[in-house]
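A.B. asks: First, the structure itself, so that you have it in front of you.
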Amino acid sequence: MTGLERFIDERSARWKRLSALLDEVQDARETELGRARLQELVLLYRSTCTDLNRARTLTANPQLIGSLNQLAGRAYRFVYRRRRSTRMDLKRFFLRDIPSTFHRRIPFIQLAAAAMLAGAAMGFCAVLANPALAQALLPRQFFVERPAIRVEQIETSKERVDTLREATAFGAYLYTHNIQVSFLTFAVGALTFAGGMLLLFYNGVILGAVAAQYLADGAGTFFVAWVGPHGVLELPSIVFAGAAGLIAGNALLMPGDSGRAGALRDAFPAVFRMLSACAALLVCAGLIEGSFSQLSARSVPYALKIAVALALFAAMCLWLFGRRETE
């Protein structure tokens with residue numbers, strides 16, 4: 001037996017296995033391959049490249065060189081198709097994986113929303129019954145002594161943001177700040193569970209107290225039009241971040257039979273997907289708050305701003321809750 005014949009006899013089983021494996025996985029998603037099969041494919045691809053170089057030193061036979069070259073090319077295109085695969089994975093992540101997680105974790109979202117709404121109801125009723133309580137309940141940056149005066153200043157002064165550069169810079173500051181607030185809500189919920197509920201409740205108190213201030217001073221429509229376009233994304237994002245914190249906190253503090261490490265490992269995909277959705281929503285909210293929300297009624301009527309707010313809220317709900325798929 002010649003050296004070439006021995007080489008073909010020793011290596012042909014690997015080439016056949018690589019060809020068969022490529023036929024199996026050509027149209028499969030990377031997540032469906034499994035770690036063992038993917039590792040086998042990569043190792044076979046590398047060994048085939050080595051065999052191709054070795055074959056060129058042993059023979060000039062165009063049939064053997066051509067078939068090995070074609071096989072190595074097929075494997076190369078599959079192994080390095082990451083760019084196309086990444087785009088498809090991102091689309092699937094945002095359009096299928098995130099919504100399916102929100103469907104499966106609705107009880108935690110409802111719990112977080114209930115905490116914030118209870119706080120909002122308390123803050124709203126307290127300030128509406130006794131406006132003097134607003135100064136005690138609200139941090140200094142949220143307290144407005146006479147909302148009607150602030151509304152008049154906004155509506156009679158020049159636009160607060162009148163260039164694209166100003167809007168972009170202000171929006172970047174806002175969504176960075178909002179992401180920090182959401183992460184704080186998540187972290188407190190993840191570490192203490194009850195602390196996350198309290199923080200959600202407190203955020204609700206602030207929202208309700210501020211809304212009551214404006215309503216009591218005859219500026220309720222302004223408040224809805226001013227806060228609505230960005231608030232319909234920003235406020236749910238805080239709820240979702242709080243819900244993600246409750247999921248992590250539940251796994252940390254009440255792990256069950258799987259143990260703390262196992263419970264945290266099981267909870268991580270849902271937490272990651274929910275926080276990714278929050279980040280996307282908060283970036284959008286920051287850009288809207290830094291531009292569209294700042295425009296006075298002279299530029300954009302209140303009715304249009306409220307309509308935009310309703311459309312944005314409907315779009316968010318359709319994205320996250322409109323399709324029911326398994327995780």
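At position 326 of the sequence shown the residue is numbered 326 (my numbering), and the sequence of numbers has no breaks.
Just so you know, even glycine gets a beta-carbon here, dropped at the ideal spot from N, CA and C.
Candidates H230, A212, L310 and E145: which alpha carbon is nearest A129's?
C.D. replies: If you number the sequence shown from 1, residue 129 lands on position 129. It is A212.
A.B. asks: Between N69 and the rest of its own chain, which residues show a CB-CB distance below 8 Å, the 5 nearest in sequence each way excluded?
C.D. replies: Position 69 of the sequence shown, counted from the start, is the residue given in the question as residue 69. If we look at N69 and ignore the five residues flanking it on each side, its Cβ neighbours are L52.
A.B. asks: Which same chain residues end up closer than 7 Å to G220 when comparing Cβ atoms and leaving out the 5 residues on each side of it in sequence?
C.D. replies: Taking the sequence shown and counting its residues from 1, the one referred to as residue 220 is at position 220. Taken in chain order, the residues that qualify are Y214.
A.B. asks: Rounding to the nearest angstrom, what Cα-Cα distance links S276 and F193 in this structure?
C.D. replies: Translated into the one-based positions of the sequence shown, residue 276 becomes position 276. Translated into the one-based positions of the sequence shown, residue 193 becomes position 193. Rounded to whole angstroms, S276 to F193 spans 20 Å at the Cα level.
A.B. asks: CA-CA distance, K16 and E40?
C.D. replies: For this step, residue 16 is matched to residue 16 along the sequence shown. For this step, residue 40 is matched to residue 40 along the sequence shown. Looking at the two C-alpha atoms, the distance is approximately 13 Å.
A.B. asks: As a quick exercise: from G256, S296 and L320, pick the residue whose alpha carbon is nearest that of E155.
C.D. replies: Residue 155 sits at position 155 when you count from the first residue of the sequence shown. For the residues G256, S296 and L320, the minimum Cα distance to E155 belongs to S296.
A.B. asks: Judging by CA-CA distance, which residue of R260, L207 and C49 is the nearest neighbour of Q141?
C.D. replies: To locate residue 141, count along the sequence shown from 1; it is residue 141. Among R260, L207 and C49, the Cα nearest to that of Q141 is on L207.
A.B. asks: Rank T101, A307, A315 and L198 by C-alpha distance to the C-alpha of P269 and give the top, closest one.
C.D. replies: Looking up residue 269 in the sequence shown gives position 269. Comparing Cα-Cα distances from P269 to each of T101, A307, A315 and L198, the minimum goes to T101.
A.B. asks: Taking only the alpha-carbon atoms, compute the straight-line gap between A307 and V283 and give it to the nearest angstrom.
C.D. replies: Residue 307 sits at position 307 when you count from the first residue of the sequence shown. Residue 283 sits at position 283 when you count from the first residue of the sequence shown. Distance between A307 and V283, taken at the CA atoms: about 20 Å.
A.B. asks: Helix, strand or coil for M122, going by three-state DSSP, please let me know.
C.D. replies: Counted from its first residue, the sequence shown places residue 122 at position 122. DSSP places M122 in helix when its eight states are reduced to three.
A.B. asks: Starting from the C-beta of A358, find all residues in its chain whose C-beta is less than 7 Å away, skip the five residues before and the five after it, and write them out in chain order.
C.D. replies: Given that the chain is displayed from residue 1 to residue 327, the structure contains no residue 358 and the question cannot be resolved.
A.B. asks: Check V300 in the structure and name its three-state DSSP category.
C.D. replies: Counted from its first residue, the sequence shown places residue 300 at position 300. Coil at V300, not helix or strand.
A.B. asks: Quick one: what's got a C-beta closer than 7 Å to K305's C-beta in the same chain, skipping five residues either side?
C.D. replies: Mapped onto the sequence shown, residue 305 falls at position 305. If we look at K305 and ignore the five residues flanking it on each side, its Cβ neighbours are A225, G228 and P229.
A.B. asks: Are the beta-carbon atoms of L4 and L71 separated by less than 9 Å?
C.D. replies: The residue you call residue 4 lines up with position 4 of the sequence shown. The residue you call residue 71 lines up with position 71 of the sequence shown. No; because the gap between Cβ atoms is not below 9 Å, this pair is not in contact.
A.B. asks: In chain order, what residues of the same chain lie with their CB nearer than 8 Å to the CB of L44, ignoring the 5 residues before and after it?
C.D. replies: Counted from its first residue, the sequence shown places residue 44 at position 44. Taken in chain order, the residues that qualify are R14, R17, L18, L21 and A75.
A.B. asks: Does the beta-carbon of T185 have 16 or more other beta-carbons within 10 angstroms, so that it is buried, or is it exposed?
C.D. replies: Within the sequence shown, numbered from 1, the residue matching residue 185 stands at position 185. Result: buried.
A.B. asks: Terminal residues of the continuous alpha helix (DSSP H) containing Q63?
C.D. replies: Within the sequence shown, the letter at position 63 stands for residue 63. Taken as a continuous stretch (DSSP letters only), the alpha helix (DSSP H) holding Q63 covers P62 to V79.
A.B. asks: Assign V42 to buried or exposed, taking buried as 16 or more other Cβ atoms, counted over all protein chains shown, within 10 Å of its Cβ.
C.D. replies: As a position in the sequence shown, residue 42 is number 42, starting the count at 1. Classification for V42: exposed.
A.B. asks: By DSSP, does F94 sit in helix, in strand, or in coil?
C.D. replies: The count along the sequence shown starts at 1 and reaches residue 94 at position 94. Reduced to three states, the DSSP call for F94 is helix.
A.B. asks: Beta-carbon separation of G249 and L191 under 9 Å?
C.D. replies: The count along the sequence shown starts at 1 and reaches residue 249 at position 249. The count along the sequence shown starts at 1 and reaches residue 191 at position 191. Cβ atoms of G249 and L191: closer than 9 Å.
A.B. asks: Between R260 and the rest of its own chain, which residues show a CB-CB distance below 7 Å, the 5 nearest in sequence each way excluded?
C.D. replies: In the sequence shown, the residue the question calls residue 260 occupies position 260. Result list for R260: L252, in chain order.
A.B. asks: With distance defined between alpha-carbon atoms, name the residue in F7, P139 and L233 nearest to G286.
C.D. replies: Here residue 286 corresponds to residue number 286 of the sequence shown, with the count starting at 1. Closest by alpha carbon: L233.
A.B. asks: Got a sec? Which residues, its chain only, sit under 8 Å from G195 by beta carbon, not counting five neighbours each side?
C.D. replies: Within the sequence shown, the letter at position 195 stands for residue 195. Excluding residues within five positions, the ones whose Cβ falls inside 8 Å are V188 and G189.
A.B. asks: Would the C-beta of P99 count as close to the ligand NAD, meaning under 8 Å from any of its heavy atoms?
C.D. replies: With respect to the ligand NAD, the structure offers nothing, as it holds no ligand at all.
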